[in-house]
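Participant:
Chains as they are written, first to last, in our numbering: chain A, 458 to 1096; chain B, 458 to 1096.
Pasting the structure below:
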């Protein structure tokens, strides 16, 4: 910084008054059209049998969660997604909302619910045809037949296309023979497989008359009612985990396991009575992506449940931060923790981000729900990117919330610690986050190339010229007044500019790396692709919250705008190095953005607890004693 | 960035060949003069009774850990620190090394060891006098009398000076009466209190004849051999936690509990037979800091044990990353995970940082050990800062290592997940990290003010002029060749420059904020203080590793230099926003530093596993199956 720049250091703008919080309106916005089912689930979870219990063995915990699942299934929660013809409601949005709400209570319950109704039942719905629906959905949707989604294998891991289990057509018997080709190729990490599952949707390479038609799914009975494995099946228990121990993850090995021809889920490819393989999808690549399309809805709900956990943790930590007093300018313990800037900075941008991401995911649900089962690269890419962004965010936010509650946060009864152990696997399951960011980034690059080849060099050069112009405009790059920084158009402009430049740069670098060494090219640009995916998600999330700001009434719009500003400023602050390297932001603006984060925190501070009321988590479900008691003077009975 | 800057974008320098790893020399460096005790503990931990076990109830786990503790105490490990006159070795360094080594095995064991021998026994050693030593050390040092370090209270939390328990002198009976003044003021989070502790060092406000002499420590029996509480004592169980469940944390309430006059640990203040309070330390503030000086050694070992856990996690994840193959440029699963840049960037800077911090902590031990018990603000500040920096680093690194092992990392048997649950509380206990960073930063500001008042304005202005000169020197700020970036003098220059500017800025801001509103001043500058503390720790750590580079022989120096470069480049990269805002670094140099992190990762990649061999963790202790098997083809037996 030169001395003249130093002289121009901006003074922080005065903190604006906090907007009022219309809790009912905020809750209505977050609940959306599914408020009915959400309220129903919330109400059910306050019943005494759902009381949180800690310190059980993982064996006992699995049974408790199974009991909870059956209890909720008795109300038809598992059938929300099922067509009316089979006793359901045909409402995927209601199903996703119920799933998301369960995650306020217990993440093992939410995941067991997701395995049974999202993955297992979902695979029958999406990949099966009428016979499968009529035969299996009635028992599956009531939780009477517990199922397993047997996709993952130990050996192939994230590389689903190269999984090794085979299903070979035996024309003589009109059966498929399922085989685990070697001991390390077993199915692994399958929810419901260790104890409760009786049938599995098994993903396998389909071999018919010596031809491999790629990955297909078959329904395979794995366990009898008495718990013993079916013939040819070996079952294993994945064992004790860091968290999520209420889900009975297990392993399956297949040795010459036979199922009838009809058990192939044959909507996108099957073998007729004549023994001939037919598929409505010509391209085997497109068929593969359609087959694993069941994961797209799963990824969206993984994001939604991660947010439920984050909201619980933030609601607890913010309540504690309002009550717990430590130190004080004049001695004694007079200062609520939430008055400390470090405390505010750890909790309040996260609070804003959790709401912004909730709105972004809801918007994605709006696009996904009407076309479920259809391949849509943009929805798939965004589901992947939002899943990765949201779960990494959740991991950080819950860690910070735990730490903000000190030792109290480390106690199981205060719940954040339990959420912390559970949430770690969110970054891994339904697709490793690193792999998912690359999936999104590669999609963006493909789109970019198409655009480029369609519209040509002129447009690309135009875009670059625009960017360069902006960058060379020191007025914009240094503009530091708060009205400018809070202008949604300039906020979005910055996010768009970053994404476009990163896309340009990634394409350019990839081309250069391909020339140098095609086999190493992807390694060379991998970190750029990760950054590009993050930039894309933040731009999309900003657009989503801004739409709601514009749509909101006067009782909600100022609050939503503040949440948007907080999300934006803290996202830019995390990436200031890049923005400054690119010349998009210069020192005065960079400093003003840091001040803006502080000011947003100060504005949010008095209303933070009210905002968490907008999540509508019932006190019985939130449950943590530190969220209720006056934290410095609480009374406890000795055990 | 202007177009001319764009044209000057540096090409990444070619990756240099990896230095060779002299595992024996690296291990000798890390083990230091205490290699004998380290080898002894390592050897003991390979015995079959120390095999890792998972899935026990926390009640059973506590008993297993107690058995382990007694087993190790039988060898005199608990007496290492005790003077030879009482059967010990009088060797604080050996004690700390043993403690650090135990943390490779099980963090609950390490902490129970630390509670008994570091905190409880340490308080008798440091705060007691001859009678206490002769009376209690023999039983305590053998683990025959389990003790509790009863400092924390629920109400006062981090604010030890304002704790509420009282010890009131009863002249008539020549006794002290210990009292918990209200139910929320009980002692909380005390290791050994829930089940095994029989005596406690109780920190209480000492009242003599109506005068409060501040916080003092007394030895108070709390539990009889049969497990029942002593008269007037109420004991509670803190309960199930996120991790560390092998330690029986508990609560204590005191109701008119009486101990003889001699039970006051009276080295720094006591009551004579005449009932008069006397202290060798005049200032009550200095007396307080001396009393809680027992925490300084504790903070250093907290840092060391966090590093042991991190090294275990990295050793496991790097072994897995070398064996596990996923995807590949030509299809199939042919690429070891560690070939991916994202994977390298998550594990290898952490590997370098763990060694740099190890060396920095060892240097602190060198300064601390000879003067243990003496108040030394610089050692106290650095112990606080390194504890905070190291434990936050450990939390991130273990989270990343877990994630780099995917689902396998989430399994208890692969250990990282267990370490993850344990390590979270490291950021909280022995002083909340946020509080500790402020302690360090305030110490630096005090020093700065003293220097300023001693040497005056001239020197300060000189320093600023130097900084400004450097900043205005575009040659240095833009210099981007790798030889320049790897020059330790310029590296240290950058770190020093940052620290000095932050110190200047923090002092200036604090002055301005004090003028505006003295009661809010600390809140206003809190985030600057946190940043200053971090900058200080990174500068000190860089100096420590550079000393070792200079001292090392030719078989080790190139490796240590690479570890230094990696630590430095990744630390600067994390804070690029600040460096660019300050004008110390401009775009070309910033980009070159990003490339340098990539290049350092590439250089470390082929030798990463060998480097972890330098930690000397025995395979029986590392234990994780994924660190041994070929990860894609492992064979498992079903349960």
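All C-beta atoms, glycine included, are put in the ideal place defined by N, C-alpha and C.
#1: Give me, in chain order, the residues of the same chain whose beta-carbon lies closer than 6 Å to that of residue 1107 of chain A; leave out the 5 immediate sequence neighbours on both sides.
#2: Relative to the C-alpha of residue 702 of chain A, which residue among A:585, A:740, A:520 and A:798 is closest?
#3: Drop a sphere of 10 angstroms on the beta-carbon of residue 706 of chain B, count the other beta-carbons inside from all chains shown, and report buried for 16 or more, exposed for fewer.
#4: Return the CA-CA distance between residue 748 of chain B and residue 675 of chain B, expressed in angstroms with no decimal places.
#5: Near residue 814 of chain B, which residues of its chain fall below 8 Å by C-beta distance, leaving aside the five closest residues on each side in sequence?
#6: Note down the Cα distance separating residue 599 of chain B from residue 550 of chain B, rounded to an integer number of angstroms.
#7: Which residues in chain B sit within 7 Å of residue 932 of chain A, going by Cβ to Cβ distance?
#8: Where residue 500 of chain A and residue 833 of chain B are concerned, what is the direct C-alpha to C-alpha distance, given to the nearest angstrom?
#9: Decide if residue 1015 of chain A is buried, meaning its Cβ has at least 16 other Cβ atoms within 10 Å, or exposed.
#10: Quick check for students: name the residue ranges of the alpha helix (DSSP H) that lie wholly in the stretch 478-544 of chain A, counting only runs of 4 or more.
#11: Would you please state the rounded distance, in angstroms, between the beta carbons of residue 657 of chain A and residue 605 of chain A? I believe it to be under 8 Å.
#12: With a threshold of 8 Å between beta carbons, is residue 616 of chain B in contact with chain A?
#13: What residue range does the beta strand (DSSP E) around residue 635 of chain A cover?
#14: Terminal residues of the continuous alpha helix (DSSP H) containing residue 970 of chain A?
#15: At the level of alpha carbons, what is the spacing between residue 607 of chain A and residue 511 of chain A?
#16: If contact is defined by three or more beta carbon pairs under 8 Å, each pair taking one atom from either stretch, is the stretch 1065-1073 of chain B in contact with the stretch 975-984 of chain B?
#17: In the stretch 980-995 of chain A, which residues sit with their C-beta less than 7 Å from some C-beta in chain B, listed in chain order?
#18: For a test of the three-state rule: what should DSSP assign to residue 835 of chain A, helix, strand or coil?
#19: My output table needs one value for residue 709 of chain B: the three-state DSSP class, helix, strand or coil.
#20: Measuring only the C-alpha atoms, how far is residue 1149 of chain B from residue 563 of chain A?
#21: Is residue 606 of chain A close to chain B? Criterion is C-beta to C-beta, closer than 8 Å.
#22: Once the 5 residues before and after residue 757 of chain A are set aside, which same chain residues still bring their CB inside 8 Å of it?
#23: I want to verify the contact list: residues of chain A whose CB lies under 8 Å from the CB of residue 790 of chain B, in sequence order.
#24: For the structure I just gave you, are there three or more beta carbon pairs, one from the stretch 678-691 of chain A and one from the stretch 732-750 of chain A, closer than 8 Å?
#25: Classify residue 1023 of chain A: buried if its beta carbon has 16 or more other beta carbons within 10 angstroms, exposed otherwise.
#26: Of all the CB atoms in chain A, is at least one closer than 8 Å to the CB of residue 899 of chain B?
#27: Where residue 687 of chain A and residue 635 of chain A are concerned, what is the direct C-alpha to C-alpha distance, given to the nearest angstrom?
#28: Can you tell me the Cα-Cα spacing of residue 905 of chain B and residue 942 of chain A, whole angstroms?
#29: Quick check on DSSP: helix, strand or coil for residue 424 of chain A?
#30: Applying the criterion that 16 or more other CB atoms from any shown protein chain within 10 Å of the CB defines a buried residue, is residue 425 of chain A buried or exposed?
#31: Using 8 Å for Cβ pairs, my map puts residue 937 of chain A next to residue 1049 of chain A. What's the rounded Cβ distance?
#32: For chain B, check one thing: does any of its Cβ atoms lie closer than 8 Å to the Cβ of residue 1024 of chain A?
#33: Report the start-end ranges of each beta strand (DSSP E) in the stretch 669-712 of chain A that is 3 residues or longer and not cut off at the edges.
#34: Would you say residue 1052 of chain A lies against chain B (beta-carbon separation less than 8 Å)?
#35: Alpha carbon to alpha carbon, how far is residue 508 of chain B from residue 1096 of chain B? Give it in angstroms, no decimals.
#36: Give the residues from the stretch 1033-1052 of chain B that approach chain A closer than 7 Å (Cβ to any Cβ), ordered along the chain.
Facilitator: According to the structure data:
#1: Outside the displayed range of chain A (458 to 1096) lies residue 1107 of chain A, so it cannot be described from this structure.
#2: The sequence position of residue 702 of chain A within the first chain is 245, counting from 1. Nearest to residue 702 of chain A by C-alpha distance, out of A:585, A:740, A:520 and A:798, is A:520.
#3: Along the second chain, one-based indexing puts residue 706 of chain B at 249. With 16 or more Cβ atoms within 10 Å of its Cβ, residue 706 of chain B is classed as buried.
#4: Counting from 1 along the second chain, the entry for residue 748 of chain B is found at position 291. Counting from 1 along the second chain, the entry for residue 675 of chain B is found at position 218. Rounded to the nearest angstrom, the two C-alpha atoms are 12 Å apart.
#5: Indexing the second chain from 1 puts residue 814 of chain B at position 357. Cβ-Cβ distances below 8 Å link residue 814 of chain B to 760, 764, 843, 846, 847, 850 and 998 in the same chain, with the five nearest sequence neighbours on each side left out; the list follows chain order.
#6: Stepping through the second chain from its first residue, residue 599 of chain B is reached at position 142. Stepping through the second chain from its first residue, residue 550 of chain B is reached at position 93. The alpha-carbon atoms of residue 599 of chain B and residue 550 of chain B are separated by roughly 19 Å.
#7: On the first chain, residue 932 of chain A is found 475 positions in, with the first residue counted as 1. Under the 7 Å cutoff, chain B gives no residues; its nearest Cβ is about 15 Å from residue 932 of chain A.
#8: Reading the first chain from its first residue, position 43 is the one you call residue 500 of chain A. Reading the second chain from its first residue, position 376 is the one you call residue 833 of chain B. Going from the Cα of residue 500 of chain A to the Cα of residue 833 of chain B covers about 58 Å.
#9: By one-based count along the first chain, residue 1015 of chain A stands at place 558. By the neighbour-count criterion, in which 16 or more other beta carbons inside 10 Å mark a residue as buried, residue 1015 of chain A falls on the buried side.
#10: Qualifying alpha helix (DSSP H) stretches, in chain order: 480-488, 492-502 and 515-530.
#11: Here residue 657 of chain A refers to the residue found at position 200 of the first chain. Here residue 605 of chain A refers to the residue found at position 148 of the first chain. So it is a contact: roughly 4 Å between Cβ atoms.
#12: To locate residue 616 of chain B, count along the second chain from 1; it is residue 159. Chain A, which has a Cβ nearer than 8 Å to the Cβ of residue 616 of chain B, makes this yes.
#13: Along the first chain, one-based indexing puts residue 635 of chain A at 178. Per DSSP, the unbroken beta strand (DSSP E) holding residue 635 of chain A starts and ends at 632-636.
#14: Here residue 970 of chain A corresponds to residue number 513 of the first chain, with the count starting at 1. It spans 945-973 - the alpha helix (DSSP H) in which residue 970 of chain A sits, taken as one unbroken run.
#15: The residue labelled residue 607 of chain A in the question sits at position 150 within the first chain. The residue labelled residue 511 of chain A in the question sits at position 54 within the first chain. Rounded to the nearest angstrom, the gap between the Cα atoms of residue 607 of chain A and residue 511 of chain A is 30 Å.
#16: No, because fewer than three Cβ pairs between the stretch 975-984 of chain B and the stretch 1065-1073 of chain B fall closer than 8 Å, the two stretches do not touch.
#17: Those residues of the stretch 980-995 of chain A placed with their C-beta closer than 7 Å to a C-beta in chain B are 980, 983, 984 and 987, ordered along the chain.
#18: For the purposes of this step, residue 835 of chain A is identified with residue 378 of the first chain, where counting begins at 1. Residue 835 of chain A falls in the helix class under three-state DSSP.
#19: Position 252 of the second chain holds residue 709 of chain B. Three-state result, residue 709 of chain B: strand.
#20: Nothing about residue 1149 of chain B can be reported from this structure: the residues present for chain B run from 458 to 1096 only.
#21: Sequence index remark: in the first chain, residue 606 of chain A carries index 149 (1-based). Not closer than 8 Å to any Cβ of chain B, the Cβ of residue 606 of chain A fails to qualify, so no.
#22: The sequence position of residue 757 of chain A within the first chain is 300, counting from 1. Counting only Cβ-Cβ distances below 8 Å, and skipping sequence neighbours, we find 553, 818, 821, 822, 825, 840, 843 and 844.
#23: Within the second chain, residue 790 of chain B is the residue found at index 333, counting from 1. Listed along chain A, the residues sitting closer than 8 Å to residue 790 of chain B by beta-carbon distance are 612, 613, 614, 616 and 619.
#24: Touching, no, given that fewer than three Cβ pairs across the two stretches are closer than 8 Å.
#25: Here residue 1023 of chain A refers to the residue found at position 566 when the first chain is read from its first residue. Buried is the call here.
#26: By 1-based counting over the second chain, the position of residue 899 of chain B is 442. No, its Cβ sits nowhere closer than 8 Å to a Cβ of chain A.
#27: Within the first chain, numbered from 1, the residue matching residue 687 of chain A stands at position 230. Within the first chain, numbered from 1, the residue matching residue 635 of chain A stands at position 178. For residue 687 of chain A and residue 635 of chain A, the distance between alpha carbons rounds to 13 Å.
#28: The residue labelled residue 905 of chain B in the question sits at position 448 within the second chain. The residue labelled residue 942 of chain A in the question sits at position 485 within the first chain. C-alpha separation (whole angstroms): 36 Å.
#29: Nothing about residue 424 of chain A can be reported from this structure: the residues present for chain A run from 458 to 1096 only.
#30: In the structure as shown, chain A starts at 458 and stops at 1096, and residue 425 of chain A therefore has no counterpart that could be examined.
#31: Position 480 of the first chain, counting from 1, holds the residue named residue 937 of chain A. Position 592 of the first chain, counting from 1, holds the residue named residue 1049 of chain A. Between residue 1049 of chain A and residue 937 of chain A the Cβ distance is about 4 Å, and since that is below 8 Å, they are a contact.
#32: One-based indexing of the first chain puts residue 1024 of chain A at position 567. Not closer than 8 Å to any Cβ of chain B, the Cβ of residue 1024 of chain A fails to qualify, so no.
#33: Listed in chain order, the complete beta strand (DSSP E) runs (minimum 3 residues) inside the stretch 669-712 of chain A are 690-694 and 707-711.
#34: Taking the first residue of the first chain as position 1, residue 1052 of chain A is located at position 595. At a cut-off of 8 Å between C-beta atoms, residue 1052 of chain A does not count as an interface residue with respect to chain B.
#35: The sequence position of residue 1096 of chain B within the second chain is 639, counting from 1. The sequence position of residue 508 of chain B within the second chain is 51, counting from 1. Residue placement at residue 1096 of chain B is poorly supported in this model, since its pLDDT is 34, which falls under 50; the coordinates are not used for a value here.
#36: Listed by position, the residues of the stretch 1033-1052 of chain B near chain A (Cβ gap below 7 Å) are 1033, 1034, 1037, 1038, 1039, 1040, 1044, 1047 and 1048.
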